[in-house]
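One gets our numbering by counting positions in the sequence shown from 1 and adding 63 to each.
Just below is one structure, and these are the notes that go with it.
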Amino acid sequence: MHSYRRRNIGIILIERGNLSADQLPIIVEKLNTTRQRFGEICVQEGLVKEDDLAQALAEQFGLEYVDLSKFRMNEELLNNLPPDTIYRFNFVPMAMTDTTLTIAISDPTDVIKLDELELLLDRSLKICVATESGIASVIKAGEGTRRVLREVSEDFMLQLVKETERGEEVLSVENISEDTSPIIKLINTTLLDALNRRASDIHIETGHDGVDIKYRIDGVLYRANEPIDLHFQSPIISRLKVMSELDISERRIPQDGRFKIRLGSKSIDFRVSIMPSALGEDAVIRILDKESIASDLKGLSLENLGVSEREIKRLRKKIREPYGMVLVTGPTGSGKTTTLYAALTEIHTGEDKIITIEDPVEYMLRGVLQIPVNEKKGLTFAKGLRSILRHDPDKIMVGEIRDPETAQIAVQSALTGHLVFTTVHANNVFDVIGRFIHMGIDPYNFVSCLNCVLAQRLVRKVCRICRRPITYTDEELLSAGVDPEVTRGATLYEAHGCDQCNGTGYRGRSAIVELLELNDQLRDLIVGKVPATQLKQAARESGVVFLRDSAVEKLVAGDTTLKEINRVTFVE
């Protein structure tokens, strides 16, 4: 390593115009009280941009600054390095000759680490400086790094957390190392890979040609890798049963369980469903990563969910009413609970007592009493809801209405002065009404307590980096049920696929909603049991924008594709 007569980083930042001299006292004060470095504090306090700091560091050390925003990792180069080095030393390899390796790092001051890396690779290092977030996103995006991840680092620790009756946790530590069984290794790497790729579920399916592992990302299934040999099927399922504390010897009936894993400082819950099939057993693992939900939503608000401004205004009015019922409907995985969380977050001022009963509690809300359903111990939705009413709440959220008893109590609560938020499985706002009446609820009571019904779906957002403009003929649009006039002057896009979006062409999802506010005319029509077509007509006149139209708006705005809105909504 070279030695430089180094200038002070603060002086360089001031000279470059990134920092003003009068901001120095703030940083110096922080330096004395924390163990952070000058540059870290500047970025954390929002005084200096991350890339400006990296450029100043490069100048301080006489090194080259590289912008990694469009950089893609070279797979051959990766294959020549020991599998876990880029994770352990947090660098991006850029080029390699017989004697030197060019790398990008974020902290050129860490000489000990760099010396260790030189020794390990037996090559001299040529160093460039890049931003920390740039390095992280390149490492995360590379297809090669995912394969490295499957080969997986020996230092990686997955801790399986077991909760005992008395509530304390007994940890069994599983270290992925040479002596670990290949099945444990496979399950651990699959869980890790799924978390890295933002999957919501892992499907383990037994077919004739082997065991398929698939991830559900943004609501769609993708194969994770090539089929695994069939004789591994039984050990894989047995391993999952051991983790979830299920009966290994029972193979003919469905089983449900859950396990928890600690990854660094993060705790992640997994729910497991094992199902017997003609070829053995299949499993689905649902990932409940509360922290990634939180970071994806950057603060739970209706805007961040992608709900259109017009509907937000109408919904805000309804969730601020003193009593009644706010119903959200849609199939599994359509973001119903998340929308209710966002609504609760908006109205939570601390002046009201808010209590929720959920199965399971998916996201922790500050200052809200959240009760998890526990069927084994006899705490059902109906029982819990009865107890909640004795706990003096102002606003109640019921995770889901599944049975007549819960429906009955929820309607009674809404009629007796509570504001009740809840979800129910139905396809659109009119099916909901049928569902409740089918559960034996008096139609008059139901419509008089109902403030609004929100039907919701999630459409995938087209990846901004690789999307391509596409032109459709009027005939194509009409056959897809889209009015060509609506798309005039707008750019429509199709999905393509790149490293950033895992080759899927889509990244993230956005909510489309139809909101039916109940007025006296609609209430009379429902009680009078008029046909659905007449109800729809009246709803449209009262200003309801249906799901399909809401989806077309997203298409015209360039947020999604025609193929995607056809996948999620019906052509009316």
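Note that beta-carbon positions come from the ideal geometry of N, C-alpha and C, so glycine has one too.
All values reported here derive from a predicted model rather than from experimental measurement.
Is the beta carbon of residue i less than 8 Å from the beta carbon of residue j?
| i | j | result |
| --- | --- | --- |
| residue 330 | residue 224 | yes |
| residue 73 | residue 101 | yes |
| residue 270 | residue 572 | no |
| residue 625 | residue 577 | no |
| residue 267 | residue 565 | no |
| residue 487 | residue 390 | yes |
| residue 459 | residue 418 | yes |
| residue 157 | residue 149 | no |
| residue 489 | residue 468 | no |
| residue 482 | residue 413 | no |
| residue 579 | residue 492 | yes |
| residue 75 | residue 122 | yes |
| residue 168 | residue 154 | yes |
Just how far apart, CA to CA, sit residue i and residue j?
| i | j | result |
| --- | --- | --- |
| residue 258 | residue 593 | 48 Å |
| residue 633 | residue 424 | 32 Å |
| residue 319 | residue 335 | 6 Å |
| residue 287 | residue 185 | 34 Å |
| residue 590 | residue 510 | 8 Å |
| residue 553 | residue 372 | 19 Å |
| residue 315 | residue 340 | 8 Å |
| residue 143 | residue 562 | 21 Å |
| residue 522 | residue 344 | 32 Å |
| residue 173 | residue 88 | 26 Å |
| residue 447 | residue 628 | 38 Å |
| residue 411 | residue 461 | 16 Å |
| residue 188 | residue 519 | 54 Å |
| residue 110 | residue 94 | 15 Å |
| residue 454 | residue 254 | 39 Å |
| residue 435 | residue 308 | 20 Å |
| residue 631 | residue 113 | 39 Å |
| residue 428 | residue 408 | 8 Å |
| residue 323 | residue 349 | 11 Å |
| residue 65 | residue 85 | With a pLDDT of only 49 at residue 65, under 50, the local geometry of the prediction cannot be trusted, and no value is derived from it. |
| residue 526 | residue 558 | 7 Å |
| residue 421 | residue 97 | 40 Å |
| residue 542 | residue 134 | 41 Å |
| residue 99 | residue 465 | 52 Å |
Check for me: the beta strand (DSSP E) holding residue i runs from which residue to which?
| i | result |
| --- | --- |
| residue 339 | 329 to 340 |
| residue 433 | 432 to 435 |
| residue 523 | 513 to 525 |
| residue 277 | 273 to 280 |
| residue 345 | 343 to 351 |
| residue 458 | 458 to 461 |
| residue 134 | Neither: residue 134 is in no beta strand (DSSP E) and is coded neither H nor E. |
| residue 192 | 187 to 192 |
| residue 474 | It is not in any beta strand (DSSP E) - residue 474 instead sits in the alpha helix (DSSP H) that spans 467 to 478. |
Which residues in the same chain have their Cβ closer than 8 Å to the Cβ of residue i, if we skip the five residues on either side of it in sequence?
| i | result |
| --- | --- |
| residue 368 | 360, 398, 401, 402, 405, 573 and 574 |
| residue 250 | 299, 302, 303 and 306 |
| residue 338 | 317, 344, 345, 346 and 347 |
| residue 537 | 547 |
| residue 351 | 331, 332, 333, 334, 423 and 425 |
| residue 292 | 273 and 274 |
Can you name, in chain order, every residue of its own chain whose Cβ lies under 6 Å from the Cβ of residue i, other than the five neighbours on each side?
| i | result |
| --- | --- |
| residue 457 | 415 and 416 |
| residue 235 | With a pLDDT of 47 at residue 235, under the threshold of 50, the modelled position of that residue is not reliable, and the figure given next carries that caveat. Contacts found: 223. |
| residue 507 | 590 |
| residue 545 | 615 |
| residue 366 | none |
| residue 484 | 389, 403 and 460 |
| residue 342 | 269 |
| residue 478 | 512 |
Could you spell out the range, first to last residue, of the alpha helix (DSSP H) harbouring residue i?
| i | result |
| --- | --- |
| residue 386 | Element bounds for residue 386: n/a, residue is neither H nor E. |
| residue 322 | Here residue 322 belongs to no alpha helix (DSSP H); instead the beta strand (DSSP E) covers 318 to 326. |
| residue 150 | 148 to 152 |
| residue 414 | Per DSSP, residue 414 belongs to no alpha helix (DSSP H) and is neither H nor E. |
| residue 266 | Premise fails: residue 266 lies in the beta strand (DSSP E), 262 to 270, not in any alpha helix (DSSP H). |
| residue 124 | 113 to 124 |
| residue 499 | 492 to 501 |
| residue 649 | Lying outside 64 to 635, the shown extent of the chain, residue 649 is not represented and no answer is given. |
| residue 541 | 537 to 542 |
| residue 618 | 610 to 619 |
Counting only the same chain and skipping the five closest in sequence on each side, list residues whose C-beta sits under 7 Å from that of residue i.
| i | result |
| --- | --- |
| residue 524 | 569, 570, 571, 572, 573, 622 and 623 |
| residue 161 | none |
| residue 242 | Reliability of the predicted coordinates at residue 242 is poor, the pLDDT of 48 falling under 50, and no value is obtained from them. |
query = With a cut-off of 8 Å, do at least 3 Cβ pairs link the segment 620 to 628 to the segment 272 to 281?
reply = no
request  = Determine, using beta-carbon pairs with one atom in the segment 597 to 605 and one in the segment 514 to 525, whether at least three such pairs fall under 8 Å.
outcome  = no
ask   = Are there three or more Cβ pairs, one per stretch, closer than 8 Å when the segment 471 to 483 is compared with the segment 494 to 509?
value = yes
inquiry  = I'd like to know if the segment 111 to 128 and the segment 190 to 201 are in contact, where contact means that at least 3 CB-CB pairs between them fall below 8 Å.
reply    = Yes, the segment 111 to 128 is in contact with the segment 190 to 201.
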